[in-house]
Amino acid sequence: MKMSAVATPPMLCASGRGAVGVVPGAVVASGLSGRRPAAAPLYCLLLLLLVFCLSALPARAHVVDELAPLLDSDAIVNSIQDIGLLKKAGFIYQPDLTITGEMCPVDGSQDQLAVLSGMLAADRMYAFYFGDVADAAKKNELLQQLVGKPLPALNSKDMARIRKAPHSQESANILARFRQQELSRLLEAARQDDQLLRLLGAHLYGLYLERLYMASVMVLAAAESDTLEPLYQVHTGLATRHGKALEILGKKGLLGLEDCEARAALVRKLQGLLTANKGQPTLEGLREIVSLVQEERSFFLTPCPLPQ
Numbered sequence: 001m002k003m004s005a006v007a008t009p010p011m012l013c014a015s016g017r018g019a020v021g022v023v024p025g026a027v028v029a030s031g032l033s034g035r036r037p038a039a040a041p042l043y044c045l046l047l048l049l050l051v052f053c054l055s056a057l058p059a060r061a062h063v064v065d066e067l068a069p070l071l072d073s074d075a076i077v078n079s080i081q082d083i084g085l086l087k088k089a090g091f092i093y094q095p096d097l098t099i100t101g102e103m104c105p106v107d108g109s110q111d112q113l114a115v116l117s118g119m120l121a122a123d124r125m126y127a128f129y130f131g132d133v134a135d136a137a138k139k140n141e142l143l144q145q146l147v148g149k150p151l152p153a154l155n156s157k158d159m160a161r162i163r164k165a166p167h168s169q170e171s172a173n174i175l176a177r178f179r180q181q182e183l184s185r186l187l188e189a190a191r192q193d194d195q196l197l198r199l200l201g202a203h204l205y206g207l208y209l210e211r212l213y214m215a216s217v218m219v220l221a222a223a224e225s226d227t228l229e230p231l232y233q234v235h236t237g238l239a240t241r242h243g244k245a246l247e248i249l250g251k252k253g254l255l256g257l258e259d260c261e262a263r264a265a266l267v268r269k270l271q272g273l274l275t276a277n278k279g280q281p282t283l284e285g286l287r288e289i290v291s292l293v294q295e296e297r298s299f300f301l302t303p304c305p306l307p308q
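With the UniProt record's numbering applied, the sequence shown corresponds to residues 1 to 308, in that order.
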């Protein structure tokens, strides 16, 4: 699936849950009186369009450059290690907390596809500690649809290393490099295409929601035990990396093709709850986080149509 390379205005984002895709610009017809339009206004309009098109690429590149340090392989390694804290605390794998292969975007919505691809990326990170390591090493099929070209795959040598020591630091580093290579394809595509920059925002939004949902449900379950305090590190890491990336995109109206303002407002709310009380939310705050994320997450989990 190839994305359009047509530049869109920086803040163009459909509002409302029913809207899908990018709102096309209106074409204004002139000359209703039968007279030929003046050349000067037309020249000025073309000049303005040229300036806009030339300025779009540097603007995209600046946003991607701002995000890159928050999404590099070191950040992904740290994220994987944060998830490992949940494993060390004694939590077990809960498949019902993950999305399944039976979830599909409504009417081929690219925005929903991007959010689901982020959720799948989060689930694959959790699978490194909680599920099948082979699942953790699979390509993100939804992200591949989004980028529209083949994504890198782990070679047999790296897979053998992971199987030999699935939860080792070496395996975490291998998996982090692999995930970073996948994400790099989307980042590089976003440099060239405004719509893909927005879809990058939707992808990271889905990743944030899913990671926060999984961690918060587990942390809330441990709220009365002695294991709670170290688990706050999971929330802190998420807020300072992916959360920061979403704050950058949210300020620029780039959290997808739909509901950008509402998503940015939710991110601000969640970031505030995560960082409250010096990064240790109260029990009431944890419950509010779970409630907010669960409601937003459920909007994207639409079952695939039954085969005809």
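Cβ coordinates follow ideal geometry from the N, Cα and C atoms, glycine included. Just so we're clear, the structure is a prediction, and the values are computed from it rather than from any experiment.
Could you round the C-beta distance between Leu231 and Ala222 to whole angstroms and report it? I think they count as a contact, below 8 Å. 6 Å
Is the segment 202-222 in contact with the segment 113-120, if contact means three or more CB pairs nearer than 8 Å? yes
Whole angstroms are fine: how far does the CA of Ala215 sit from the CA of Gly148? Distance from the CA of Gly148 to the CA of Ala215, rounded to the nearest whole angstrom, comes to 31 Å.
Integer-rounded CB distance, given that Leu273 should sit under 8 Å from Gly256: With a Cβ gap of about 22 Å, Gly256 and Leu273 do not count as contacting.
Go ahead and pull the three-state DSSP assignment for Pro69. helix
For Glu102, the three-state DSSP class (helix, strand or coil): coil
Can you name the residues that DSSP bridges to Glu258? Ala14
So for Pro95, helix, strand or coil by DSSP? Looking at Pro95 - three-state DSSP - the assignment turns out to be helix.
Label Gly201 either buried or exposed according to how many other C-beta atoms from any shown protein chain fall within 10 Å of its C-beta, with 16 as the threshold for buried. buried
What are the start and end residues of the alpha helix (DSSP H) that includes Leu197? 194-221
Limits of the alpha helix (DSSP H) - the one that Leu306 falls within: From DSSP, Leu306 is part of no alpha helix (DSSP H); its letter is neither H nor E.
Are there 16 or more other CB atoms within 10 angstroms of the CB of Ala176, so buried, or fewer, so exposed? buried
Integer-rounded CB distance, given that Leu197 should sit under 8 Å from Ile289: The pair is not a contact, with the Cβ atoms about 28 Å apart (cut-off 8 Å).
Whose CA, out of Leu249, Asn277, Asn155, lies closest to the CA of Ala265? Leu249
Contact belief for Leu254 with Val63 at Cβ below 8 Å, rounded distance in angstroms: 7 Å
Taking the straight line between their C-alpha atoms, what separation do you get for Leu83 and Asp74? Reading off the sequence, residue 83 comes out as Ile, not Leu. Approximately 14 Å, taken between the alpha carbons.
Take Cys104 and list the residues in its own chain whose beta-carbon comes closer than 6 Å to its own, dropping the five residues that flank it on each side. Cys304
Does the segment 291-305 come close enough to the segment 87-106 to have 3 or more Cβ pairs within less than 8 Å? yes
When His235, Glu66, Asp259, Phe128 are compared against Ser159, the one with the closest alpha-carbon: Residue 159 is actually Met in this sequence, not Ser. In this structure, Phe128 is the residue among His235, Glu66, Asp259, Phe128 with its C-alpha nearest to the C-alpha of Met159.
Going along the chain, which residues of its own chain have a beta-carbon closer than 7 Å to the beta-carbon of Ala153, five neighbours each way excluded? Scanning its chain for C-beta atoms nearer than 7 Å, with the 5 sequence neighbours on each side dropped, one finds around Ala153 the residues Lys139, in chain order.
Can you name the start and end residues of the alpha helix (DSSP H) that Ser156 belongs to? 156-164
8 Å contact criterion, which Ala137 and Ile162 should meet: CB distance rounded: That belief holds up - the Cβ atoms of Ala137 and Ile162 are roughly 6 Å apart, short of 8 Å.
By how many angstroms is the C-alpha of Asp123 removed from the C-alpha of Asp135? 9 Å
Beta carbon of Leu187, beta carbon of Ala61: below 8 Å? no
His167, DSSP secondary structure in three states: coil
If you measure between the beta carbons of Leu86 and Val234, is that distance less than 8 Å? yes
Distance between Lys88 and Lys164 (C-alpha atoms, nearest Å): 20 Å
Would Ser291 be called buried (16 or more neighbouring beta carbons within 10 Å of its own) or exposed? The residue in question, Ser291, is exposed, as its Cβ has fewer than 16 Cβ neighbours within 10 Å.
From the DSSP output, in three-state form, read off Asp123 for me. Per DSSP, reduced to three states, the secondary structure at Asp123 is helical.
Do the CB positions of Leu151 and Arg179 come within less than 8 Å of each other? Cβ distance not < 8 Å, so Leu151 and Arg179 don't count as in contact.
Mapping the DSSP letters down to three states, classify Leu151 as helix, strand or coil. Looking at Leu151 - three-state DSSP - the assignment turns out to be coil, as it is neither helix nor strand.
Would Gln145 and Leu113 qualify as a contact pair, given that the criterion is a beta-carbon distance under 8 Å? yes
Asp107: buried (16+ other C-beta within 10 angstroms of its C-beta) or exposed? exposed
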